[in-house]
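Below is one structure, written out as structure tokens, with a few remarks after it.
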Amino acid sequence: MGFGGNLLIVDDTPDNLRFLSGILSQQNYDVRTVISGRMALTVAQTAPPELILLDICMPDMDGYEVCEKLKANPETSHIPVIFLSALDEVTDKLKAFEVGAVDFITKPFQATEVLARVATHVRLQRLQQQLRSQNSLLREEVIARKQLEDQYRNIFNNCLEGIFQVTLEGKYLKANPALAQIYGYDSPEDLINTVQDIGQQVYVRSGRREEINAYLQMDGQASGFESEVYRKDGTIIWVSETIRMVRDSQGRLLYYEGTVQDITERKRNLEELRQQRREAERLLLSILPQPIAERLKRKSSVIADNFLEVTVLFADVVNFTDLATQIPADELVDLLNQIFSAFDLLADKYDLEKIKTIGDAYMVAGGLPTPRPDHALAIARMALDMQQVITQFRCTARDKFQLRIGVHTGPVIAGVIGTRKFAYDMWGETVNLASRLQTHGEPGRIHVSEAVYERLQKHYRLTRRGSIFMKGLGDVTTYWLDGKKTLLDEVTPDVGVSPCVS
571 MGFGGNLLIV
581 DDTPDNLRFL
591 SGILSQQNYD
601 VRTVISGRMA
611 LTVAQTAPPE
621 LILLDICMPD
631 MDGYEVCEKL
641 KANPETSHIP
651 VIFLSALDEV
661 TDKLKAFEVG
671 AVDFITKPFQ
681 ATEVLARVAT
691 HVRLQRLQQQ
701 LRSQNSLLRE
711 EVIARKQLED
721 QYRNIFNNCL
731 EGIFQVTLEG
741 KYLKANPALA
751 QIYGYDSPED
761 LINTVQDIGQ
771 QVYVRSGRRE
781 EINAYLQMDG
791 QASGFESEVY
801 RKDGTIIWVS
811 ETIRMVRDSQ
821 GRLLYYEGTV
831 QDITERKRNL
841 EELRQQRREA
851 ERLLLSILPQ
861 PIAERLKRKS
871 SVIADNFLEV
881 TVLFADVVNF
891 TDLATQIPAD
901 ELVDLLNQIF
911 SAFDLLADKY
921 DLEKIKTIGD
931 AYMVAGGLPT
941 PRPDHALAIA
951 RMALDMQQVI
961 TQFRCTARDK
971 FQLRIGVHTG
981 PVIAGVIGTR
991 KFAYDMWGET
1001 VNLASRLQTH
1011 GEPGRIHVSE
1021 AVYERLQKHY
1031 RLTRRGSIFM
1041 KGLGDVTTYW
1051 LDGKKTLLDE
1061 VTPDVGVSPC
1071 VS
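Residue numbers (my numbering): 571 to 1072.
This is the structure:
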């Protein structure tokens, strides 16, 4: 059976409210339910509950915004919030903890899990309330020591937090059993007798005690000071200290006293969350351009951009489909991975954006997501290098692979598609024409449009192929990109025309 507690459940789905209210009421919890974030804020301020179960996905005001408003209000900031959500991504959980939640329950609900988490956080909330009360008692001790002595002694000996009194020189005057346990000593007496100078024997970082003392001199008390400390066996843990200065009636400093919490597990969990976040960001950057990934992390609803001028390259490995029927799958995938990895290095070298691979086809673009004036020149350099790189690979003992490459320049629309698996892609006639140029190309050659010709003719040798009919586009004038111009080319430009292809 539960031990009772005042709970507020916020969910816009009546079935969820009925389920949660039912199982919690059976455990003697006093349950109130509301169906919107605005109602939750009103109820929490007028009659604060001990714990709030808050749905993330709600109309008008989602759970993240409700939690932020609760934590920003001094009257409700202390109320622990457990998020309810069908979302189970690391980034969703990270955001939940960032806005101030203490826990996260994933839908569909499991009754046992809900009851266990609620009971844990109600207990923690009551412990925190107890600790606030204890600190208040400590601040009033000089005035009401005799009246509170018995109560203080009980708290001192049985509190789950470490409690101490320390001389001005750094030697323990008093320590409770919890403090001795935190620091790994057999008893409070063992701790007091062994530690003669906490600055040297407790704090790991040299000068840490002096830093805390300096703060105490300015403010009279220090709350939430986090430090690495040594246990008796030499191992290191993290603690959070709340310390105050105790003075006599004449204002003379007598000693320091305060509380200690072992926060090692919390620190470890935070580091694990940071590591998971770094890994999530690394994975995001592996599939999306960095500027796009940054926008996605800022929760842009739709990421789509118009680009007036981008150069698109399609490359297809000739006869790779036939090869796929002749060699084992693992060898085929390994070979294709080697080829595309070599192309990826070229894309990085020329600061171009790999868009995707489709089977044995490779797509790369210049001029997005960050516009640049030399996108066509950069693509030309990569195309020529790709033709060189592909000769390093063989499809048979005698034959080397060849590429058909198509290149076109023009406007595109680019953006992110997908909600769980993201992809940065492009659309428009420019993409279609670049693909058709590759399809109508020849092995070992780079097939370009007239728009590309106009941008490359001053620096590269191009041969006019002629007019080609392409389905859906009509007659299109195309060129072969042969290579970079030399001084001889500048004097006697090549004006030859290769045969037309229909």
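Note that CB positions come from ideal geometry on N, CA and C, so glycine has one too.
Worksheet entry | Sub-8 Å separation of Asp1052 and Arg1031 beta-carbons | With contacts defined by Cβ atoms closer than 8 Å, Asp1052 and Arg1031 form a contacting pair.
Worksheet entry | N- and C-terminal bounds of the alpha helix (DSSP H) containing Glu999 | First-last of the alpha helix (DSSP H) with Glu999: 999 to 1009.
Item to complete: Confirm, please, whether the CB-CB distance from Ala614 to Ile622 is below 8 Å.
Response: In this structure, Ile622 sits near Ala614, with a CB-CB distance shorter than 8 Å.
Practice prompt. Please determine, among Leu738, Arg602, Gln700, the residue with the shortest C-alpha to C-alpha distance to Asn728.
Written response: The residue with the shortest Cα to Cα distance from Asn728 is Gln700.
Practice prompt. Please check the pair Cys637 and Val651, which I expect to be a contact at CB under 8 Å, by giving their CB distance rounded to whole angstroms.
Written response: Cys637 to Val651, Cβ: 5 Å. Contact.
Discussion item. Tell me the DSSP secondary structure of His978 in three-state form.
Written reply: His978 falls in the strand class under three-state DSSP.
Worksheet entry | 7 Å CB neighbourhood of Pro629 in its chain, flanking five on each side removed | So the list reads Asp582, once near-sequence residues are dropped.
Item to complete: Give me the Cα-Cα distance between Val736 and Phe667, rounded to the nearest whole angstrom.
Response: The straight-line gap from Cα to Cα measures roughly 35 Å.
Discussion item. Output needed for Asp1064: all residues of its chain with C-beta closer than 7 Å, excluding positions within five of it in sequence on either side, in chain order.
Written reply: Because the pLDDT at Asp1064 is just 48, under 50, the model does not fix this residue reliably, and the value given afterwards should be weighed accordingly. Closer than 7 Å at Cβ, skipping near neighbours: Arg1031, Thr1033.
Worksheet entry | N-terminal and C-terminal residue of the beta strand (DSSP E) that Ile806 is part of | Counting along the chain, the beta strand (DSSP E) containing Ile806 begins and ends at 806 to 817.
Item to complete: Inspect the CB distances between the stretch 940 to 947 and the stretch 887 to 903 and report whether three or more fall short of 8 Å.
Response: The stretch 940 to 947, when compared against the stretch 887 to 903, does not touch it at the 8 Å Cβ threshold.
Fill in: Contacts around Leu743, its chain only, beta-carbon distance under 7 Å, and the 5 residues preceding and following it disregarded
For Leu743, where only same-chain residues beyond five positions count, the Cβ hits under 7 Å are Gln735, Val736, Thr737, Tyr825.
Discussion item. Between which two residues does the beta strand (DSSP E) holding Met1040 run?
Written reply: Per DSSP, the continuous beta strand (DSSP E) segment holding Met1040 begins and ends at 1030 to 1040.
Discussion item. To the nearest angstrom, how far is the alpha carbon of Thr676 from that of Thr1009?
Written reply: C-alpha separation (whole angstroms): 49 Å.
Discussion item. Judging by CA-CA distance, which residue of Glu635, Asn1002, Thr612, Asn705 is the nearest neighbour of Ile626?
Written reply: Comparing Cα-Cα distances from Ile626 to each of Glu635, Asn1002, Thr612, Asn705, the minimum goes to Glu635.
Practice prompt. Measure the C-alpha to C-alpha separation of Gln820 and Asp803 and round it to an integer number of angstroms.
Written response: When rounded, the distance between both Cα atoms is 41 Å.
Fill in: Close-in-space but distant-in-sequence residues of the same chain around Asp658 (CB under 6 Å, 5 per side omitted)
Residues Thr676 of the same chain have their beta carbon placed closer than 6 Å to that of Asp658, with the five preceding and five following residues left out of the count.
Discussion item. Tell me which residue opens and which closes the beta strand (DSSP E) that Ser1075 is part of.
Written reply: With the chain running from 571 to 1072 in the structure shown, residue 1075 is simply not present.
Worksheet item: Does DSSP put Ser703 in a helix, a strand or coil?
Response: Reduced to three states, the DSSP call for Ser703 is helix.
Discussion item. Quick check: Gln791 and Ile768, are their CB atoms within less than 8 Å of each other?
Written reply: Contact check for Gln791 against Ile768 fails: the beta carbons are separated by 8 Å or more.
Fill in: DSSP three-state assignment for Lys1055, whether helix, strand or coil
Lys1055: coil per DSSP, three-state reduction.
Discussion item. So, at 7 Å on beta carbons, what are the nonlocal neighbours of Gly937 in its own chain, with the 5 sequence-adjacent residues on each side left out?
Written reply: Contacts found: Phe877, Glu879, Val880, Thr881, His945.
Fill in: Exposure of Glu710, with buried meaning 16 or more beta-carbon neighbours within 10 Å
Exposed: under 16 other Cβ atoms inside 10 Å.
Worksheet entry | Beta-carbon proximity of Glu731 to Ala748, cut-off 8 Å | Taking 8 Å as the Cβ cut-off, Glu731 and Ala748 qualify as a contacting pair.
Fill in: Cβ-based burial, Pro619 [other Cβ within 10 Å; buried from 16]
It counts as buried.
Fill in: Where the beta strand (DSSP E) containing Met532 begins and where it ends
Summary: the structure shown does not reach residue 532, with the chain confined to residues 571 through 1072, and so no result is reported for it.
Fill in: Beta-carbon contacts of Leu840 that lie in its chain and below 7 Å, excluding the five residues immediately before and after
The answer is none, since no qualifying residue turns up.
Worksheet item: What's the C-alpha gap between Ala935 and Arg1015?
Response: The C-alpha of Ala935 lies about 18 Å from the C-alpha of Arg1015.
Worksheet item: Tell me which same chain residues have a C-beta within less than 6 Å of the C-beta of Thr834, skipping the five on either side of it?
Response: Ile807, Trp808, listed in sequence order.
Discussion item. For Glu1012, tell me which candidate among Val887, Asp585, Lys663 has the shortest Cα-Cα distance.
Written reply: For the residues Val887, Asp585, Lys663, the minimum Cα distance to Glu1012 belongs to Val887.
Worksheet item: Roughly how many angstroms lie between the CA atoms of Tyr1023 and Ala1004, to the nearest whole one?
Response: Answer to the nearest angstrom: the Cα atoms are 13 Å apart.
Practice prompt. Assign Thr829 to buried or exposed, taking buried as 16 or more other Cβ atoms, counted over all protein chains shown, within 10 Å of its Cβ.
Written response: So Thr829 counts as buried.
Worksheet item: Closest Cβ-Cβ distance between Leu743 and chain D: below 8 Å?
Response: Reference to chain D is not applicable here, since this structure consists of a single protein chain.
Item to complete: For my contact list, Ile975 and Leu916 are in at a C-beta cut-off of 8 Å; report their separation, rounded to the angstrom.
Response: Between Ile975 and Leu916, the beta carbon gap of about 12 Å keeps them out of contact (Cβ cut-off 8 Å).
Item to complete: List the endpoints of the continuous beta strand (DSSP E) containing Ile675.
Response: Bounds of the beta strand (DSSP E) holding Ile675 are 673 to 676.
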